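Okay, so the sequence shown: first residue is 345 according to our numbering, each after it adds one.
Down below is the structure, laid out as structure tokens.
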Amino acid sequence: MVQVETAQLISECEAWRQTLREYRDEFTQDKTKLQQAASRALSKDQLQEVEHLHNQFHIQLINIHDLKQAIKNHDRRIGFEMREQNGLNEETVVDHENLFTQYQSLEHTLQDIREEFNNFLARANN
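In structure tokens:
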């Protein structure tokens, strides 16, 4: 058993899931904005950007869902181990650290796509 502050781990899981929900909502809205932009007359390069961004939104929404589910399952595992064992297995703490690394990586990717999309919209609206 590893002694850690489980309330902090649970709080981190909740914060990560909330942030991922916000990204999911934002990217869902951005897909709609992208479809509206695609309905206008665009150059071949702009159409390729639309396709690229559409694919990225689709892929990243799946990634958001998958990571959100992994965090949810991890959160449940923390609760189970605390109830049944009154402490966490070392593997669970390592999993938490790995999920945090995955979360940071995904968040970085999502921020890059957000910036790419906003730049596209700015160019397309000129």
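Backbone N, C-alpha and C define an ideal beta-carbon position, used for all residues, glycine too.
Quantities reported herein were computed from a predicted structural model and do not represent experimental measurements.
Coarse secondary structure for Leu386, derived from DSSP in three states: Sequence index remark: in the sequence shown, residue 386 carries index 42 (1-based). Looking at Leu386 - three-state DSSP - the assignment turns out to be coil, as it is neither helix nor strand.
Cβ-Cβ separation, Leu443 to Ala414 (assumed contact under 8 Å), whole Å: What you label residue 414 is simply residue 70 of the sequence shown in a count that begins at 1. What you label residue 443 is simply residue 99 of the sequence shown in a count that begins at 1. Contact flag correct, Cβ pair sits at about 6 Å.
Beta-carbon separation (whole angstroms), Leu432 vs Thr350, contact threshold 8 Å: If you number the sequence shown from 1, residue 432 lands on position 88. If you number the sequence shown from 1, residue 350 lands on position 6. About 7 Å separates the beta carbons of Leu432 and Thr350, which is inside the 8 Å limit, making them a contact pair.
Residue nearest to Asp369 in terms of C-alpha spacing, selected from Asp419, His402, Gln429: In the sequence shown, the residue the question calls residue 369 occupies position 25. Taking only the C-alpha atoms, the option nearest Asp369 is His402.
Distance CB(Phe464)-CB(Glu395) smaller than 8 Å: Sequence index remark: in the sequence shown, residue 464 carries index 120 (1-based). Sequence index remark: in the sequence shown, residue 395 carries index 51 (1-based). No, Cβ-Cβ distance for Phe464 and Glu395 is not below 8 Å.
CB contact flag (Arg421, Thr436, <8 Å): If you number the sequence shown from 1, residue 421 lands on position 77. If you number the sequence shown from 1, residue 436 lands on position 92. Yes, the Cβ-Cβ distance between Arg421 and Thr436 is below 8 Å.
Pick from Gln404, Arg361, Ala468, Glu358 that is closest to Asp456, judged by C-alpha positions: Locating residue 456 in the sequence shown gives position 112, counting from the first residue. Per the Cα distances, Gln404.
Coil, strand or helix - Asn470 by DSSP: Taking the first residue of the sequence shown as position 1, residue 470 is located at position 126. Under the three-state reduction of DSSP, Asn470 is assigned to coil, being neither helix nor strand.
Cβ-Cβ separation, Ile408 to Tyr447 (assumed contact under 8 Å), whole Å: Taking the sequence shown and counting its residues from 1, the one referred to as residue 447 is at position 103. Taking the sequence shown and counting its residues from 1, the one referred to as residue 408 is at position 64. With a beta-carbon spacing of about 10 Å, Tyr447 and Ile408 fall beyond the 8 Å limit used to define contacts.
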